[in-house]
Amino acid sequence: MIPKLDRCLARRMGRDEHVPVPDAELRAWQLDRLRRIVAHAKANSPFYARRLAGVDPASVRSFADFARLPFLQPDDLRRGPEQLLCVSLDEIARVVTLTSSGTTGEPKRIFHTAGDLEATTDFFALGMSNMTAPGDTVLVLLPDERPGGVARLLGEALARGGARAVAHPLDDADRAVDRCLAEGAKCVIGSPAHLNLLALAFAARGVPAGTLRSVLLCWDAVPDAVVRNCERTLGCAVFRHWGMIETCLGGGVECSPGSGLHLREADIFLEIVDPATGDPLPDGVTGELVLTTPLRLGMPFIRYRTGDLGRILPGVCPACGSPLRRLDPRVRRADEGAAGDFPHLDELNEVLYSVDGLGDFAAGLEGGRLTVRYCGLGDGLGEKVRSALENSPLLGQALRSGDMAIDLVFGGGLVPAVPGLGKRKIRSGEEN
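Mapping of the sequence shown onto this note's numbering: position 40 corresponds to residue 81, and the numbering continues sequentially without gaps.
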């Protein structure tokens with residue numbers, strides 16, 4: 042039987058979804074679609090007409106040829122994003138504005154057509170079918186006030202499989218537990234920080250492990266420590282997802298816990314390149330994720346530098362046997378430190394979320410002093426946090442040498458340390 046997520050690829054290729062897609066056929070189809078999207082963008086977008094002025098789409102005869110095309114940079118999206126459009130604004134169903142991760146800079150604006158949103162909903166429906174059953178209620182810890190937003194798309198996708206979505210943005214983990222139990226939810230979807238808080242609240246309330254069947258960690262980088270906490274405390278299957286606004290939210294999802302992220306190969310063509318040179322890297326080697334959207338006709342992305350670091354896992358999926366490419370779930374930002382420097386948020390995530398009783402944290406760095414605002418439950422939590430930092434591999438060495446000092450600030454019990462769903466980062470200077 043063809044794996045469920047492979048069926049999504051077959052549908053998008055216009056093939057019988059119950060027949061596996063041979064790798065050679067997929068690669069030939071992808072190359073053809075890459076040629077077509079280059080021709081489409083050059084003919085219909087003012088930006089790409091200039092950027093690809095010297096490129097003959099017919100000359101893209103191999104993936105190596107494609108890899109010689111110029112990169113699309115994030116700043117290109119900030120300077121006149123409408124210039125990237127290949128359709129009229131009447132054909133745009135949703136516009137998302139993303140502010141800069143720093144304190145200044147023009148926001149990025151991403152345009153989605155109804156077709157883009159439908160393709161994502163289809164991907165969500167097949168992905169969620171691996172972790173839910175008809176009749177299930179799914180608690181979605183995300184806002185749903187915007188049409189075309191992730192919670193709305195998830196709701197539509199779950200309904201196709203006979204499940205019901207209940208949106209409940211998490212601002213207090215105790216209230217989220219109340220809602221989860223009242224609704225009889227069997228699955229919860231949310232950011233790693235919010236699921237970590239929910240797991241802690243479940244344990245504090247004595248909710249039996251196994252009350253939930255599954256959880257999906259999404260929206261931000263997923264620390265291994267949070268996966269372990271959810272597995273141990275909630276006693277359920279823990280799935281992971283990667284996506285970006287630029288991918289129309291859906292990017293890759295696990296078919297089974299620990300399987301690796303099955304990519305939307307029809308809608309997302311990923312290259313892994315050396316961040317310094319831009320040269321392609323082989324499977325298994327970590328580099329920067331470069332995104333192309335072969336079927337996105339409204340606002341196509343051609344060789345977009347995401348700023349995310351990751352690698353393609355070699356071999357077939359150990360869970361479902363799919364030969365299609367899988368992304369390592371350990372995706373992180375290239376600039377994950379403060380101003381792209383030490384310390385790394387990746388290290389803080391693993392160290393602090395491993396502390397027993399810690400629910401969430403936020404970190405800021407200024408003048409060699411690291412401030413950690415944390416929340417959680419239990420006696421001596423502050424001492425545990427300090428000990429964990431002092432004994433961490435890289436940060437501990439800097440603390441012991443006197444190159445860095447730490448201040449700890451307790452922020453309460455089960456309320457997120459960072460409000461809303463802003464991507465976590467180590468804040469610096471005036472951002473603190």
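All C-beta atoms, glycine included, are put in the ideal place defined by N, C-alpha and C.
- In the structure shown, Pro264 falls within a coil segment according to DSSP collapsed to helix, strand and coil.
- At the C-beta level, Thr178 and Val207 come within 8 Å of one another.
- In terms of Cβ geometry, Leu330 and Thr347 form a close pair [threshold 8 Å].
- The beta strand (DSSP E) runs of length 3 or more contained entirely in the segment 212-256 are, from start to end of the chain, 228-231.
- Scanning the segment 58-131 for uninterrupted alpha helix (DSSP H) segments of 4 residues or longer gives 64-85, 87-92, 104-107 and 115-119, listed from N- to C-terminal end.
- Val268 has its alpha-carbon roughly 30 Å from the corresponding atom of Arg441.
- In this structure Gly398 does not touch Gly423 by the C-beta definition: roughly 10 Å separates them, more than the 8 Å allowed.
- Here Arg281 carries a strand assignment [DSSP, helix/strand/coil].
- Around the CB of Phe107, 16 or more other CB atoms lie within 10 Å, so the residue is classed as buried.
- Going by DSSP, Cys49 is part of the alpha helix (DSSP H) stretching over Lys45 to Met54.
- Note that the C-beta distance between Leu302 and Arg367 is below 8 Å.
- Per DSSP, Leu422 lies in no beta strand (DSSP E); the unbroken alpha helix (DSSP H) holding it starts and ends at Leu422 to Glu431.
- A Cβ-Cβ distance of about 39 Å is found for the pair Asn171 and Lys83, leaving them out of contact under the 8 Å criterion.
- When only Cα atoms are considered, Arg281 and Gly293 end up about 9 Å apart.
- In the three-state DSSP reduction, Phe165 falls in the helix class (H, G or I).
- Straight through space, the alpha carbons of Leu167 and Ser297 are spaced by roughly 13 Å.
- In this structure Asp47 is in contact with Val62, their Cβ atoms being roughly 7 Å apart against a cut-off of 8 Å.
- Less than 8 Å separates the beta-carbon of Ala262 from that of Arg373.
- The bridge partners DSSP lists for Thr154 are Ile133.
- Distance between Pro457 and Gly405, taken at the CA atoms: about 16 Å.
- Secondary structure note for Ser363: it is in no beta strand (DSSP E), with a DSSP letter that is neither H nor E.
- In the DSSP assignment, Asp349 is bridged to Arg374.
- The beta carbon of Thr327 lies closer than 7 Å to those of Leu350, Gly351 and Arg352 in the same chain, with the five residues before and after it left out.
- Counting every other CB atom within 10 Å of its CB across the protein chains shown gives Arg193 a total of 16 or more, marking it as buried.
- If you draw a straight line from the Cα of Val248 to the Cα of Arg216, it comes to about 14 Å.
- DSSP places Ala403 in the strand class (E or B) of the three-state scheme.
- When only Cα atoms are considered, Phe243 and Leu332 end up about 38 Å apart.
- Contact annotation: Val279 and Arg246 have beta-carbon atoms that are not nearer than 8 Å.
- With 16 or more other Cβ atoms from the protein chains shown falling within 10 Å of its own Cβ, Asn270 counts as buried.
- Arg220 is not a Cβ neighbour of Leu257, given a cutoff of 8 Å.
- Each of Arg53, Leu158, Pro115 and Phe104 was checked against the Cα of Cys289, and the nearest Cα belongs to Leu158.
- The C-alpha of Asp376 is placed about 17 Å away from the C-alpha of Leu436.
- Where Gly417 is concerned, the enclosing beta strand (DSSP E) starts and stops at Arg410 to Gly417.
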